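*Asks:*
Numbering (my numbering), first residue to last: 230 to 277.
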């Protein structure tokens, strides 16, 4: 899947308020279940 520059910019612009709110905070991400056993999902998680 190829993501255009405009799409990337739009996603980042939408995420910016959340990123600012989480700045200097501890964030815990649960990683388990199918995401651990399916190689495709594992790669997608790491890429994000």
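Cβ coordinates follow ideal geometry from the N, Cα and C atoms, glycine included. All of these numbers come straight from a predicted model, not from anything done at the bench.
#1: Which of helix, strand or coil does DSSP assign to residue 257?
#2: Helix, strand or coil: which one does DSSP assign to residue 278?
#3: Have a look at residue 233 and residue 255 and give me their C-alpha separation to the nearest angstrom.
#4: Which residue from 274, 250, 269, 252 puts its Cα closest to that of residue 260?
*Replies:* So, from the listed chains and residues:
#1: Per DSSP, reduced to three states, the secondary structure at residue 257 is coil, with no helix or strand assignment.
#2: A query on residue 278 cannot be resolved here, the shown segment of the chain reaching from 230 to 277 and no further.
#3: If I take the Cα positions, the gap works out to 31 Å.
#4: It is 274 whose Cα lies nearest to the Cα of residue 260.
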